[in-house]
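Right, dumping it as structure tokens:
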């Protein structure tokens, strides 16, 4: 099968999208590199404080009109955006593969997930309805009106360049707010493409802005008095130590989603035929670079025969994973985003070995790349046995294609292992026993719980949850919680004497 | 060749539908008596292709096992793209029946492999397989008349 055509040809000059115009930045310019072949595909500006300020100013200026635009009219803009996203589905997906390295199935999946958030936000006339009580006292009525707040900042990560800003952006604008998005400077093209479609969809200037850059832009958002709230997805140290406290200090609302170290609990009664592909997706999909990825499996029980069958099954399947250019449709795993990230993953694998883990599939060297590509950003799947819960490869986030295998005797021990971990983003159990599944679901302290599902990715009409070191804030992105986050409750008590 | 990813299997289905449509267009030229039927088949193939693509693009997400849902051995399902030259009507119809059987088994096998993983895609595959079974019946009826 042929390699799909690349939509990005040559080198794209990424600009900021401010007040409905494409604006050149005065900031330093960085290269955007395709991790598959090391080719520069774009130049992205690291924008200045003045540029983020001017985007916030434009958003603030656009707010009064946008806020008074009826929700049905705002929804129509979103419907047009949804149509344009569908019409450009394949191009948008291929751009993600080019800038990030993920496989085309994964990119199309990301596009679909992003569009689903736009679809849900299209229901804003209903979603934004308040509620009322007639006659709270004789002749007095009381009602609640959800009202927009103003300008919000949205800070995206590198691992889902298209989808993650859409966990917030459609809800923010649907509720009548204006936004400034800062994509990851490593992968700015998807948000640039979306902004082009936003422009075509007819959003008024200033409602939807995109400012590329790094710390200066983030600091500019955090410190800006006219930004009402921030949504952030990235690492736990940044979420916990930077975004969350600084939003608190400046009185901003905040959703700060951090990292994860997720467990997949394997019961001996699970259906291995269905479990193994689910684990492959969970651990090695997106080259392990997602906060819902499995990082360790916990095999429950002392049935050595089952354990052996399970381990052989995962190793044999992982060994056959086709690694290469995500634009080749047979490829099952692409590269990690860049050489630095590869180095970090390698360091974790080495630390696991040092701490006593036994490597049974060595993704550091034991893999083949389909096609003639440099191995700069490539890794194979790594599987390690005799992993213990206190090892760094369990307590810290690796964000790469690795699987550690922990053995415990009982479900209680498995749940305890999950709960003792500092992260609580997503944990899953694989079993054919409903009672065991219920016990796990009920007791495990995790934001997203899977039962025979390896990637517990909530649909757009559910919140993207997370707990403890995986999440800082109260309300979550997506669905009704996002609507609540982007609105203030105005309560009216009315009497006509 | 073995295909494991959804993207590659959907492209393979598209290729099979295209090849099969081409086969029936050639059949229509060579056997004007049944040309209308063969051209209808060719048109239906386009619809099947659209149905499969819609199902795939509609459900593909990161929560399902898109890259690990299949073990399709393509060699099992390939067929001659044109009716063999100098065949009698009956032989050509048998060739078409053989092609339909291969396509039915492709869709049935692929649906079975992906039923736990790919949401609406296996259901769509089974619908196409069922429609192709009806087509096989029509071809057999035609063969009887020949």
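Protein chains in written order, with the working numbering: chain A, 620 to 1116; chain B, 38 to 183.
A virtual CB, placed ideally from N, CA and C, is assigned to each residue, including glycine.
Host alpha helix (DSSP H) of residue i (start-end)
i, result
"residue 1065 of chain A", "Looking at the DSSP string, residue 1065 of chain A is not in any alpha helix (DSSP H), and its letter there is neither H nor E."
"residue 119 of chain B", "Residue 119 of chain B -> no alpha helix (DSSP H), and no H or E assigned at all."
"residue 1078 of chain A", "Residue 1078 of chain A -> no alpha helix (DSSP H), and no H or E assigned at all."
"residue 835 of chain A", "834-842"
"residue 1004 of chain A", "Looking at the DSSP string, residue 1004 of chain A is not in any alpha helix (DSSP H); the run it does join, the beta strand (DSSP E), is 1001-1004."
"residue 75 of chain B", "72-96"
"residue 876 of chain A", "Counting along the chain, residue 876 of chain A falls outside any alpha helix (DSSP H), though it belongs to the beta strand (DSSP E) covering 872-876."
"residue 932 of chain A", "923-938"
"residue 640 of chain A", "Not the alpha helix (DSSP H): residue 640 of chain A falls in the beta strand (DSSP E), residues 640-642."
Inter-residue CB distance, residue i and residue j (contact presumed, cutoff 8 Å)
i, j, result
"residue 1020 of chain A", "residue 906 of chain A", "5 Å"
"residue 1013 of chain A", "residue 915 of chain A", "6 Å"
"residue 986 of chain A", "residue 885 of chain A", "With 8 Å as the limit, residue 986 of chain A and residue 885 of chain A do not qualify as a contact, their Cβ atoms being about 24 Å apart."
"residue 43 of chain B", "residue 95 of chain B", "Not confirmed; about 12 Å, so no contact."
"residue 832 of chain A", "residue 666 of chain A", "4 Å"
7 Å CB neighbourhood of residue i in its chain, flanking five on each side removed
i, result
"residue 1141 of chain A", "Residue 1141 of chain A is absent from the model: chain A starts at 620 and stops at 1116."
"residue 1087 of chain A", "1041, 1042, 1043"
"residue 901 of chain A", "883, 912, 913, 1073, 1074"
"residue 681 of chain A", "797, 823, 824, 825, 826"
"residue 54 of chain B", "82, 85, 86"
Assigned secondary structure, residue i (DSSP; H/G/I helix, E/B strand, else coil)
i, result
"residue 850 of chain A", "strand"
"residue 1015 of chain A", "coil"
"residue 1125 of chain A", "Since the displayed chain A opens at 620 and closes at 1116, residue 1125 of chain A lies outside it and no answer follows."
"residue 42 of chain B", "coil"
"residue 738 of chain A", "helix"
"residue 142 of chain B", "helix"
"residue 866 of chain A", "helix"
"residue 161 of chain B", "helix"
"residue 1087 of chain A", "strand"
"residue 662 of chain A", "strand"
"residue 752 of chain A", "strand"
"residue 971 of chain A", "helix"
"residue 943 of chain A", "strand"
"residue 114 of chain B", "helix"
"residue 1043 of chain A", "strand"
"residue 1048 of chain A", "strand"
"residue 790 of chain A", "helix"
"residue 888 of chain A", "coil"
"residue 949 of chain A", "coil"
"residue 99 of chain B", "coil"
N-terminal and C-terminal residue of the beta strand (DSSP E) that residue i is part of
i, result
"residue 621 of chain A", "Premise fails: residue 621 of chain A is in no beta strand (DSSP E) and is neither H nor E."
"residue 1114 of chain A", "1106-1114"
"residue 1022 of chain A", "1021-1027"
"residue 827 of chain A", "827-829"
"residue 883 of chain A", "881-885"
"residue 797 of chain A", "797-801"
"residue 977 of chain A", "977-980"
Contact set for residue i: own chain, Cβ-Cβ below 6 Å, skip 5 residues either direction
i, result
"residue 184 of chain B", "For residue 184 of chain B there is no data in the structure shown, the boundaries of chain B being 38 and 183."
"residue 947 of chain A", "622"
"residue 970 of chain A", "1011"
"residue 722 of chain A", "945, 950, 953"
"residue 1063 of chain A", "1034, 1037, 1046"
"residue 725 of chain A", "905"
"residue 756 of chain A", "none"
"residue 1023 of chain A", "915, 1003, 1006, 1012"
"residue 679 of chain A", "770, 845"
"residue 1059 of chain A", "1048"
"residue 631 of chain A", "661"
"residue 802 of chain A", "775, 810"
8 Å Cβ shell around residue i - same chain, five flanking residues per side excluded
i, result
"residue 758 of chain A", "1114, 1115, 1116"
"residue 889 of chain A", "1049, 1050, 1051, 1071"
"residue 859 of chain A", "875, 877, 1088, 1091"
"residue 620 of chain A", "947, 948, 949"
"residue 928 of chain A", "891"
"residue 152 of chain B", "159"
"residue 652 of chain A", "658, 659, 660, 957"
"residue 101 of chain B", "154, 155, 156"
"residue 989 of chain A", "941, 942, 943, 944, 947, 949, 950"
Proximal residues of chain C, C-beta to C-beta of residue i below 7 Å
i, result
"residue 620 of chain A", "Here chain C cannot be found, since the structure's protein chains are A and B."
Residue i beta carbon near the ligand SAM (any heavy atom closer than 8 Å)
i, result
"residue 752 of chain A", "This structure lacks the ligand SAM; in fact it carries no ligand of any kind."
Residues from the segment 94-114 of chain B in contact with chain A, defined by Cβ distance under 7 Å
Closer than 7 Å at the C-beta level to chain A, one finds these residues of the segment 94-114 of chain B: 94, 97, 98, 99, 100, 102, 103, 104, 105, 106.
Between the segment 703-728 of chain A and chain B, which residues of the former have a C-beta closer than 7 Å to a C-beta of the latter?
Flagged, chain order: 708, 722, 723, 724, 725, 727, 728.
Could you name the residues of the segment 945-958 of chain A whose beta carbon sits closer than 8 Å to any beta carbon of chain B, in the order they occur along the chain?
Here the close residues are 948, 949, 950, 951, 952.
Which residues of the segment 1055-1088 of chain A have a Cβ closer than 8 Å to any Cβ of chain B? Give them in chain order.
Answer in chain order: 1072, 1073, 1074, 1075, 1076.
Compile a chain-ordered list of the residues in the segment 873-902 of chain A whose CB is closer than 7 Å to at least one CB of chain B.
So the close ones are 893, 896, 897, 899, 900.
With 8 Å as the limit, tell me which residues of the segment 143-160 of chain B have their beta carbon closer than that to any beta carbon of chain A; keep them in chain order.
The residues in question are 153, 154.
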